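**Q** Sharing a structure with you now.
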Amino acid sequence: MMGDEIKKRINSLNFALLSPDEIRKMSAVKVTTADTYDEDGFPLDRGLMDLHMGVIEPGLRCKTCNGKVDECPGHFGHIELAMPVIHVGFVKEIKDILDATCNSCGRIKMKDEELEVYRPILEKTILNGEETLESTSIVNRIIDEAAQRTVCPHCGAEQYKITLDKPTTFRENGRKLSAKEIRERFERIPDKDLIFLGINPNSARPEWMILTVLPVPPVNVRPTITLETGERSEDDLTHKLVDIIRINQRLRDSKDSGAPQLIIEDLWELLQYHITTYFDNQTSGLPPARHRSGRPLKTLVQRLKGKEGRFRSNLSGKRVNFSARTVISPEPFLSINEVGVPEEAARELTVPIPVTPFNIEKLREIVRRGPNPKGEKYLPGANYVIKQNEKGMRQRILIMEKNAEEIANKLEPGWIVERQLMDGDVVLFNRQPSLHRMSMMAHRVRVMKHRTFRFNLAVCPPYNADFDGDEMNLHVLQSEEAKAEARILMAVQEHIRSPRFGGPIIGGVHDHITGMFMLTYMNPKFTKEETLHILSYVKYDKLPDPVIENGKEYYRGKDIFSLILPKDLNIEYKSKICDGTGCKECVFEKCPYDAYVMIKEGRLITGTIDEKSIGAFKGILLDKISRDYPPDVAAQFIDNFTRLAVGVISFRGFTTGIDDTDIPEETKIQVDLILNDAIEATKTYIDAYQRGILQPSPGKSPEETLEDNIMRVLSDAQKKAGEIASKHLGLENPSVIMARSGARASMLNLSQVAANIGQQAVRGRRINRGYLGRTLPHFRKGDLGAYAHGYVRSSYKKGLTPLEYFFHAMGGREGLVDTAVRTSRSGYMQRRLINALEDLKVTDNDGIVIDTTDNIIQFKYGEDGIDPTRSKGGKPVDFDSIFQKVLGERYLSAKRGGK
Amino acid sequence: MVSKMRKINVMEHELVPEHHLISEEEEKKLLQDLGTEKESLPKIKRNDPAIKMLERIYGPIRPGRVIKIIRKSPTSGKYIAYRVVTEE
Ligand SMILES: [Mg+2]
Ligand SMILES: [Zn+2]
Ligand SMILES: [Zn+2]
Ligand SMILES: [Zn+2]
Numbered sequence: 028m029m030g031d032e033i034k035k036r037i038n039s040l041n042f043a044l045l046s047p048d049e050i051r052k053m054s055a056v057k058v059t060t061a062d063t064y065d066e067d068g069f070p071l072d073r074g075l076m077d078l079h080m081g082v083i084e085p086g087l088r089c090k091t092c093n094g095k096v097d098e099c100p101g102h103f104g105h106i107e108l109a110m111p112v113i114h115v116g117f118v119k120e121i122k123d124i125l126d127a128t129c130n131s132c133g134r135i136k137m138k139d140e141e142l143e144v145y146r147p148i149l150e151k152t153i154l155n156g157e158e159t160l161e162s163t164s165i166v167n168r169i170i171d172e173a174a175q176r177t178v179c180p181h182c183g184a185e186q187y188k189i190t191l192d193k194p195t196t197f198r199e200n201g202r203k204l205s206a207k208e209i210r211e212r213f214e215r216i217p218d219k220d221l222i223f224l225g226i227n228p229n230s231a232r233p234e235w236m237i238l239t240v241l242p243v244p245p246v247n248v249r250p251t252i253t254l255e256t257g258e259r260s261e262d263d264l265t266h267k268l269v270d271i272i273r274i275n276q277r278l279r280d281s282k283d284s285g286a287p288q289l290i291i292e293d294l295w296e297l298l299q300y301h302i303t304t305y306f307d308n309q310t311s312g313l314p315p316a317r318h319r320s321g322r323p324l325k326t327l328v329q330r331l332k333g334k335e336g337r338f339r340s341n342l343s344g345k346r347v348n349f350s351a352r353t354v355i356s357p358e359p360f361l362s363i364n365e366v367g368v369p370e371e372a373a374r375e376l377t378v379p380i381p382v383t384p385f386n387i388e389k390l391r392e393i394v395r396r397g398p399n400p401k402g403e404k405y406l407p408g409a410n411y412v413i414k415q416n417e418k419g420m421r422q423r424i425l426i427m428e429k430n431a432e433e434i435a436n437k438l439e440p441g442w443i444v445e446r447q448l449m450d451g452d453v454v455l456f457n458r459q460p461s462l463h464r465m466s467m468m469a470h471r472v473r474v475m476k477h478r479t480f481r482f483n484l485a486v487c488p489p490y491n492a493d494f495d496g497d498e499m500n501l502h503v504l505q506s507e508e509a510k511a512e513a514r515i516l517m518a519v520q521e522h523i524r525s526p527r528f529g530g531p532i533i534g535g536v537h538d539h540i541t542g543m544f545m546l547t548y549m550n551p552k553f554t555k556e557e558t559l560h561i562l563s564y565v566k567y568d569k570l571p572d573p574v575i576e577n578g579k580e581y582y583r584g585k586d587i588f589s590l591i592l593p594k595d596l597n598i599e600y601k602s603k604i605c606d607g608t609g610c611k612e613c614v615f616e617k618c619p620y621d622a623y624v625m626i627k628e629g630r631l632i633t634g635t636i637d638e639k640s641i642g643a644f645k646g647i648l649l650d651k652i653s654r655d656y657p658p659d660v661a662a663q664f665i666d667n668f669t670r671l672a673v674g675v676i677s678f679r680g681f682t683t684g685i686d687d688t689d690i691p692e693e694t695k696i697q698v699d700l701i702l703n704d705a706i707e708a709t710k711t712y713i714d715a716y717q718r719g720i721l722q723p724s725p726g727k728s729p730e731e732t733l734e735d736n737i738m739r740v741l742s743d744a745q746k747k748a749g750e751i752a753s754k755h756l757g758l759e760n761p762s763v764i765m766a767r768s769g770a771r772a773s774m775l776n777l778s779q780v781a782a783n784i785g786q787q788a789v790r791g792r793r794i795n796r797g798y799l800g801r802t803l804p805h806f807r808k809g810d811l812g813a814y815a816h817g818y819v820r821s822s823y824k825k826g827l828t829p830l831e832y833f834f835h836a837m838g839g840r841e842g843l844v845d846t847a848v849r850t851s852r853s854g855y856m857q858r859r860l861i862n863a864l865e866d867l868k869v870t871d872n873d874g875i876v877i878d879t880t881d882n883i884i885q886f887k888y889g890e891d892g893i894d895p896t897r898s899k900g901g902k903p904v905d906f907d908s909i910f911q912k913v914l915g916e917r918y919l920s921a922k923r924g925g926k
Numbered sequence: 043m044v045s046k047m048r049k050i051n052v053m054e055h056e057l058v059p060e061h062h063l064i065s066e067e068e069e070k071k072l073l074q075d076l077g078t079e080k081e082s083l084p085k086i087k088r089n090d091p092a093i094k095m096l097e098r099i100y101g102p103i104r105p106g107r108v109i110k111i112i113r114k115s116p117t118s119g120k121y122i123a124y125r126v127v128t129e130e
């Protein structure tokens, strides 16, 4: 097959207009009957389903080519229009030509010497079917200039202003120009003038933009649908053509019988409407033609346009076999490289395995199992075998329970067995929207009970997945090349680091972080029994050395964590829980809050493992391991810490509730006092403003100054109230553990629950919209106070007053609208970027960016030739860790000293 | 009107990168290093203001000559691009 194909690069495409003669010549039948089938269901002669235009029913033969259903490509027919009609697609061009040419002699309204200077340039482009910036600008200038002339320079006839009544009515000095008149005018335009209008006289005549003959597309393009009830239903295009023929017939009859001009014009107008909507049923200014049910008809333009149109839906988009889609759910005991596939799906998805002398017995066993092997444990069966017959034709044989044994015995080398999915098969796993390359990664299959796809939670961030009903797609790779490529380039472990920011995108989330925090913060002690429980899911060499207290053996949390670290790892950094409020000056490993992580030779000496160690996006430890060690080591580390975290959190137990945010009564009073003071302070500012003595800040009006001051006072108060409330929320509190370790939520969220929600904003300012001079009728006009402009004094736990609730909803709505607008806009941008960049590639040896015709786009990828995935936050070299490695303690102490 | 406007040397503007005309030997070496044809290089029109400034130094520059452009780059500090001069 391959190699015999004719390969040619398309140089250019020429578009031309069909002349009425060409339409008649390519037509197989003149359609005159506004109907489709007779009572017996046989296509009517000269009807819209005439057998000359092709066949869609099995058993019948095409009257043009004598082909059967799959042999006949279909043939055009035509309708002779009783009166000419304007083609909506060319209205703009028709207007331009009417404007530029003389109403009586048909010449362009410019002198020959003005025009002829442009002929050489235009002939070079337009005659070759080209359009350059220069040629279009010349043509536009000629049309503009000619349209200005009020007297024809050739025949001296007076010229009038042409106006266009959308969509298809042209007027000259207010008098309607009929399509017939326009066509007559266009016929007078000489060929030699056409080039100045941008028309190549070899491929088009302007009068062909006014239709006198309408092509009828082959029936294959508009097939009849037969419903289960036996009822027939015609395609929208056929419906539209029926309308056109019917009106056309009435128009012809009226004309022939000499009906009043008014009636003829009405029918003509109606024919124009039907033909216009036949082309485009969303023409502005026309009511769309509707189906009996009230649904607008899908006509030619609607078939092609937009996301559901032929181009984006059928030509750029493809549907594939060997794929599955279902709901996703978490499975912490899978490796990040794996995906759990339901048995039901695994039985449908197959991998083609060529039969060889080496695997024939194994494959016989698989085929023998048939498509539905019984038994508790999942064993792969086979759905099809493909055998090569004598003529080299491939034959697919369906395996069923009854013929499985027989096929298994007949199996011989050269056949292909379509084996059901089994553990270890390589598949691509994908979640839409596929915004970056990590949206589609290669996983290894683990066939499992139950009906969801499952994967390790550390892989949620690259897919941006959660489990509130998300579904994902899975594609089974078929060829060896595809499998190898996917394993090497697309495997999950090759995508731990993101090219977006040069750091880890796969990493700990939520309970992973909580779990590691509970394991390492302040180095808790665990008994041997507890330790074994925690470690029961983890791969490790041997238990760490225990500490002995009161004759009992204990294991320290940090030692347990150290088990999963690479043995030669050295690094130190500040934890997430070091928020800068604890220590006045950092004392490093002596930090009393256990917030300074120090790892020496793969042992965690001090510090708490939290989001800044293992978190996706922020994990410094993860960043280090994924940069310095091979991908499988990094993957192993992630697998281990997720399992370790699950071990810890399921052993210790972890829960959170509203009482996490309980604060003592006297603290509530303190918060109240702070908020009262803040309100008083805003009143002082407002008073000063109203008396005109408010000192405006530089570059601001008094109004802006007042707004700034109020906003500042209220947010300071919120911060202070939050701090006071937080004093009573220590690190033994589950909500605080989650907030401080970076697992979920923030201290601001907690203080809004416990103390004060604070100012609501729309467009970054206090709420100012609503009624004249006030936000709600509950306030006086001109009230500048905090409560009148969206200040929410309550806490979430206490509850909001109705007015506070209203303002809060306003602020909340803005957020929702923003996300909606952002996603649609970034989606469109993404589409355009992909279309522009999809076929660029980086050359293997020297990192030059080229396109498909080897044009150089960039002399060095990214101008520096660096793979951002392997960079450290976008920088090519991680100087810090190199210095640390080379200079050791000397560098560290110099760095600590502030140098 | 036109004559009253001050003539500006675009090369003096801070957003215009350095342009250099390279010799034909250098052209040959460049194409060899890149393993490509002249037609694959990005283009610069002969009537580009930067070419006009270069022509003040070198005299007329015919289409087909190669211009070396040294730009500031946020990723690599300095980035060198080449463009082949084309007809207007
Ligand atoms: Mg979701
Ligand atoms: Zn046929
Ligand atoms: Zn004239
Ligand atoms: Zn500290």
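Taken in sequence, the protein lines are chains X and Z.
Quick note on numbering: the first sequence equals residues 28 to 926 in our numbering.
Quick note on numbering: the second sequence equals residues 43 to 130 in our numbering.
Here a beta-carbon is modelled for each residue, glycine too, at the ideal position from N, C-alpha and C.
Computed from a prediction, not measured in an experiment: that's the story for all the values here.
(1) Going straight from the alpha carbon of proline 84 of chain Z to that of aspartate 139 of chain X, what length do you get?
(2) What did DSSP end up calling leucine 108 of chain X once you bin it into helix, strand or coil?
(3) Kindly list, in the order they appear in chain X, the residues whose Cβ is closer than 7 Å to that of isoleucine 122 of chain Z.
(4) With ligand 3 as the reference, list in chain order each residue whose Cβ lies under 6 Å from any of its heavy atoms.
(5) What whole-angstrom Cβ distance do glutamate 134 of chain X and histidine 181 of chain X have, given they're in contact under 8 Å?
(6) Do the CB positions of glutamate 445 of chain X and tyrosine 411 of chain X come within less than 9 Å of each other?
(7) Starting from proline 84 of chain Z, find everything on chain X with Cβ-Cβ shorter than 7 Å and list it in chain order.
(8) Counting only beta-carbon separations shorter than 9 Å, does methionine 43 of chain Z have a partner in chain X?
(9) Within 10 angstroms of the Cβ of leucine 702 of chain X, are there 16 or more other Cβ atoms? Answer buried if so, exposed if not.
(10) For methionine 468 of chain X, report the span of its beta strand (DSSP E) as first-last.
(11) Under a Cβ-count criterion, where at least 16 other Cβ atoms within 10 Å of its own Cβ denotes burial, should lysine 136 of chain X be classed as buried or exposed?
(12) Quick one: is leucine 76 of chain Z near chain X, going by C-beta distance under 9 Å?
(13) Where glutamate 576 of chain X and lysine 617 of chain X are concerned, what is the direct C-alpha to C-alpha distance, given to the nearest angstrom?
(14) Quick one: what does DSSP say glycine 530 of chain X is sitting in, helix, strand or coil?
(15) Taking 8 Å as the cut-off, is the C-beta of tyrosine 620 of chain X nearer than that to any heavy atom in ligand 4?
(16) Does the Cβ-Cβ distance between lysine 110 of chain Z and isoleucine 122 of chain Z come in under 9 Å?
(17) Which residues share a DSSP beta bridge with glutamine 520 of chain X?
(18) When the Cα atoms are used, what is the spatial distance from cysteine 99 of chain X to glycine 321 of chain X?
(19) Taking 8 Å as the cut-off, is the C-beta of valine 614 of chain X nearer than that to any heavy atom in ligand 4?
(20) Let me confirm a value: histidine 6 of chain X is counted as buried when at least 16 other C-beta atoms fall within 10 Å, else exposed. Which label applies?
(21) Does the beta carbon of proline 100 of chain X fall short of 8 Å from some heavy atom of ligand 2?
(22) Counting only beta-carbon separations shorter than 9 Å, does proline 59 of chain Z have a partner in chain X?
(23) Ligand 4 heavy atoms versus the CB of cysteine 487 of chain X: any closer than 8 Å?
(24) Residue range of the alpha helix (DSSP H) that serine 768 of chain X falls in?
(25) Just checking asparagine 93 of chain X against ligand 2 - is the residue's beta carbon closer than 8 Å to any of the ligand's heavy atoms?
(26) For the putative contact between valine 474 of chain X and methionine 449 of chain X, defined by C-beta atoms under 8 Å, what is the C-beta separation to the nearest angstrom?
(27) With a threshold of 7 Å on Cβ separation, who are the neighbours of lysine 627 of chain X within its own chain once the five nearest residues in sequence on each side are excluded?
(28) Could you tell me the distance, in whole angstroms, from the CA atom of lysine 727 of chain X to the CA atom of alanine 748 of chain X?
(29) Tell me the residue span of the beta strand (DSSP E) that contains valine 378 of chain X.
(30) So, with DSSP's three-state summary, where would you put proline 47 of chain X?
(31) For arginine 807 of chain X, does the three-state DSSP call read helix, strand or coil?
(32) So the alpha helix (DSSP H) tyrosine 918 of chain X belongs to, where does it begin and stop?
(33) Given a cut-off of 9 Å on the beta-carbon distance, is the pair proline 244 of chain X and glycine 101 of chain X in contact?
(34) Do valine 382 of chain X and leucine 376 of chain X come within 9 Å of each other at the CB atom, strictly closer than that value?
(35) Strictly under 9 Å for the Cβ-Cβ distance: is methionine 28 of chain X near chain Z by that measure?
(36) So, do the stretch 347–367 of chain X and the stretch 663–677 of chain X have three or more beta carbon pairs nearer to each other than 8 Å?
**A** Walking through what the data contain:
(1) 40 Å
(2) strand
(3) Phe886
(4) X:Cys129, X:Ser131, X:Cys132, X:Arg134, X:Cys179, X:His181, X:Cys182, X:Ala184
(5) According to the sequence shown, residue 134 of chain X is arginine rather than glutamate. Arginine 134 of chain X to histidine 181 of chain X, Cβ: 4 Å. Contact.
(6) yes
(7) Ile883
(8) Confidence at methionine 43 of chain Z is low in this model, with a pLDDT of 49, below 50, so its placement is unreliable and the value that follows should be read with caution. False, the Cβ-Cβ gap to chain X never drops below 9 Å.
(9) buried
(10) 467–475
(11) buried
(12) yes
(13) 23 Å
(14) strand
(15) yes
(16) yes
(17) Its beta-bridge partners do not exist; DSSP assigns none.
(18) 34 Å
(19) yes
(20) Because residue 6 of chain X is not part of the residues shown, which for chain X are 28 to 926, the question remains open.
(21) yes
(22) no
(23) no
(24) 761–768
(25) yes
(26) 6 Å
(27) Asn597
(28) 29 Å
(29) 377–381
(30) helix
(31) coil
(32) 916–923
(33) yes
(34) no
(35) Below a pLDDT of 50, predicted positions are generally treated as unreliable, and methionine 28 of chain X, at 46, falls in that range; the measurement from the model is reported next regardless. No, methionine 28 of chain X lies away from the interface with chain Z (no Cβ there is under 9 Å from its Cβ).
(36) yes
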